[in-house]
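What follows is a single structure, written as structure tokens, with notes after it.
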Amino acid sequence: MRLSEYFLPVLRENPSEAQIASHRLMLRAGMIRQSSAGIYSWLRLGLRVLKKVEAIVREEQNRAGAQEILMPTIQPAELWRESGRYDDYGKEMLRIRDRHDREMLYGPTNEEQVTEIARAFVKSYRDLHKLLFHIQWKFRDEVRPRFGVMRGREFLMKDAYSLDIDAAGAKHAYNKMFVAYLRTFARLGLKAIPMRADTGPIGGDLSHEFIILADTGESAVFCDRRWLETDILAGEIDYAGDLEPFYKRWTALYAATDEQHDPASCPIPASDLVSARGIEVGHIFYFGDKYSRPMGAVVAGPDGEPVPIEMGSYGIGVSRLVGALIEANHDAAGIIWPESVAPFRVGLINLRATDPRSRQAADEIYGKLSAAGVEVLYDDRDESPGAKFATMDLIGLPEQVVVGPRGLAAGTVEMKNRRTGQRQDMSIESAFDRLVTCSPSPHPAAGKKRAKSAQP
Numbered sequence: 006m007r008l009s010e011y012f013l014p015v016l017r018e019n020p021s022e023a024q025i026a027s028h029r030l031m032l033r034a035g036m037i038r039q040s041s042a043g044i045y046s047w048l049r050l051g052l053r054v055l056k057k058v059e060a061i062v063r064e065e066q067n068r069a070g071a072q073e074i075l076m077p078t079i080q081p082a083e084l085w086r087e088s089g090r091y092d093d094y095g096k097e098m099l100r101i102r103d104r105h106d107r108e109m110l111y112g113p114t115n116e117e118q119v120t121e122i123a124r125a126f127v128k129s130y131r132d133l134h135k136l137l138f139h140i141q142w143k144f145r146d147e148v149r150p151r152f153g154v155m156r157g158r159e160f161l162m163k164d165a166y167s168l169d170i171d172a173a174g175a176k177h178a179y180n181k182m183f184v185a186y187l188r189t190f191a192r193l194g195l196k197a198i199p200m201r202a203d204t205g206p207i208g209g210d211l212s213h214e215f216i217i218l219a220d221t222g223e224s225a226v227f228c229d230r231r232w233l234e235t236d237i238l239a240g241e242i243d244y245a246g247d248l249e250p251f252y253k254r255w256t257a258l259y260a261a262t263d264e265q266h267d268p269a270s271c272p273i274p275a276s277d278l279v280s281a282r283g284i285e286v287g288h289i290f291y292f293g294d295k296y297s298r299p300m301g302a303v304v305a306g307p308d309g310e311p312v313p314i315e316m317g318s319y320g321i322g323v324s325r326l327v328g329a330l331i332e333a334n335h336d337a338a339g340i341i342w343p344e345s346v347a348p349f350r351v352g353l354i355n356l357r358a359t360d361p362r363s364r365q366a367a368d369e370i371y372g373k374l375s376a377a378g379v380e381v382l383y384d385d386r387d388e389s390p391g392a393k394f395a396t397m398d399l400i401g402l403p404e405q406v407v408v409g410p411r412g413l414a415a416g417t418v419e420m421k422n423r424r425t426g427q428r429q430d431m432s433i434e435s436a437f438d439r440l441v442t443c444s445p446s447p448h449p450a451a452g453k454k455r456a457k458s459a460q461p
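Start counting the sequence shown at 6; every next residue gets the next number (the working numbering).
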């Protein structure tokens, strides 16, 4: 894409309303535009990243055997009255009435909706196990929406729901999502640490939140130093097999939020304890028959007796992840995208757009890279070099290729790695080979529901 044609409304100055790095940089990089408090339009650059995050989340859900559906944003209040949550949820729920005076709500989550689907179609234990998920916009009327997409009122969420005949099956489903979440965040370039959590308004007695470490995190967390050395993607997973060893391995290392950490009883020495700030990016729950029993979602068990469906729910804040990625990957100049979610792989800079030789060389590089499937944002504008460098550093593409008269006279272009800052002059052919050879591809196991098991 040529930047002269691309919709990229970057801002030179820091927005006064932005309090944290991700909010500030998303506004400055032209990724989002506030519509009202806590509600944003996603512009071209932001939407590209959002879609890449969503694709990785979807691939890992599919790989774990979850099946995608799509539930509505507007739900009938009567379902929430059946579960007993309508009056308990609080003012975060946006309650509305349609033209026939029927009470409706903008869904903050979908436990009731999926339970209604289950009771309509799942009649026997032979119909189970099922894992259903969707990626849908949610709304929670936060009293003080802030920090941009990190704590907005409208947000994109992946929520999955497991349906099982007994607690053993439900725990296996929980383990599936536990492992899938670890893999999802690792593929996004994040080190997410599962920490035992309160169940809150969702309910149940088993819950983990997945927290990434970031200097600007919203809460204090503590973990075993060995967590920082783990490689979640090192082995393949058989989701149909016994996942309990994996679950036990990844919960054996100490990790706790500030609310649950007690220095007096901490099981590891201070020298092995990492104290940091953390951002929650996912949350999973096992709540048994909390919804199925009051809503009548029962099936005929093996003995013919009615049994409430055992359920769990599993959420990832997809739009929140974009902000979290920036919080964990930025410097004074701007964003530093992990390659897996970068809006473009390469930023191509023509230092002198009015110079025929520079223009021809940059056009040829752009054409060849595009033809090879490399995503390129080509700055062909008649702007100063300083403005072009500042824009590319701000939007944080992994690689920059700089074309200018001086380098072309020597037969070279300059390559810059955004994360390391390393610069290197090389021939056009070498630069092309490097970018094509190193261009990221989907994870080799992505999209597969089953793979050979590796020992935990």
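Just so it is clear, CB atoms sit at the ideal spot from N, CA and C, and this is done for glycine as well.
Endpoints, beta strand (DSSP E) assigned at residue i
i           : result
residue 260 : 260–262
residue 316 : 315–322
residue 109 : 108–111
residue 38  : 37–41
residue 164 : 159–169
residue 197 : 197–201
residue 355 : 351–355
residue 304 : 303–305
residue 418 : 418–422
residue 102 : 99–102
Distance between residue j and residue i (C-alpha atoms, nearest Å)
i           : j           : result
residue 443 : residue 407 : 18 Å
residue 180 : residue 391 : 51 Å
residue 371 : residue 383 : 7 Å
residue 264 : residue 201 : 11 Å
residue 283 : residue 217 : 5 Å
residue 355 : residue 409 : 6 Å
residue 153 : residue 23  : 7 Å
residue 310 : residue 169 : 15 Å
residue 3   : residue 395 : Past the edges of the chain, shown from 6 to 461, lies residue 3, and the structure says nothing about it.
residue 338 : residue 122 : 49 Å
residue 146 : residue 97  : 4 Å
residue 343 : residue 94  : 37 Å
residue 376 : residue 413 : 22 Å
residue 424 : residue 341 : 6 Å
residue 45  : residue 103 : 25 Å
residue 260 : residue 6   : 44 Å
residue 101 : residue 51  : 30 Å
residue 12  : residue 49  : 6 Å
residue 196 : residue 360 : 45 Å
residue 232 : residue 117 : 36 Å
residue 37  : residue 411 : 37 Å
residue 437 : residue 365 : 16 Å
residue 419 : residue 357 : 14 Å
residue 350 : residue 35  : 18 Å
residue 288 : residue 140 : 15 Å
residue 240 : residue 257 : 18 Å
residue 369 : residue 322 : 40 Å
residue 299 : residue 132 : 20 Å
residue 212 : residue 113 : 19 Å
residue 89  : residue 441 : 56 Å
Exposure of residue i, with buried meaning 16 or more beta-carbon neighbours within 10 Å
i           : result
residue 352 : buried
residue 276 : exposed
residue 142 : exposed
residue 229 : buried
residue 457 : Caution is warranted here: a pLDDT of 38 is assigned to residue 457, below 50, making its placement in the model unreliable, and the coordinate value is therefore given only provisionally. Residue 457 should be labelled exposed.
residue 393 : buried
residue 56  : exposed
residue 234 : exposed
residue 177 : buried
residue 226 : buried
residue 250 : exposed
residue 62  : buried
residue 17  : exposed
Presumed contact (8 Å Cβ cut-off) between residue i and residue j, rounded CB distance
i           : j           : result
residue 385 : residue 9   : 5 Å
residue 319 : residue 164 : 7 Å
residue 43  : residue 150 : 3 Å
residue 305 : residue 129 : 5 Å
residue 248 : residue 191 : With a Cβ gap of about 16 Å, residue 248 and residue 191 do not count as contacting.
residue 4   : residue 138 : Any property of residue 4 remains undetermined from this structure, which presents the chain solely from 6 to 461.
residue 119 : residue 166 : 4 Å
residue 325 : residue 109 : Contact doesn't hold; Cβ gap of about 25 Å is too wide.
Residue i, enclosing alpha helix (DSSP H) - first and last residue
i           : result
residue 182 : 172–192
residue 152 : Counting along the chain, residue 152 falls outside any alpha helix (DSSP H), and DSSP gives it neither H nor E.
residue 438 : 433–442
residue 119 : 116–126
Residue i CB to nearest heavy atom of the ligand PLP below 8 Å
i           : result
residue 142 : Ligands in the displayed structure: none, and consequently the ligand PLP is not present.
Q. In chain order, which continuous runs of the alpha helix (DSSP H) of length 4 or greater are located wholly inside the region 246–296?
A. Whole alpha helix (DSSP H) segments, 4+ residues: 249–257.
Q: Go through the region 369–411 residue by residue and report every complete run of the alpha helix (DSSP H) that reaches 4 residues or more, in order.
A: Listed in chain order, the complete alpha helix (DSSP H) runs (minimum 4 residues) inside the region 369–411 are 390–400.
Q: Note down, one range per segment and in chain order, each beta strand (DSSP E) of at least 3 residues found wholly within the region 30–86.
A: The DSSP assignment places complete beta strand (DSSP E) segments of no fewer than 3 residues inside the region 30–86 at 37–41, 44–47 and 79–81, in order along the chain.
Q) What are the complete beta strand (DSSP E) segments, minimum 3 residues, inside the region 208–236? A) Runs found: 211–218 and 224–229.
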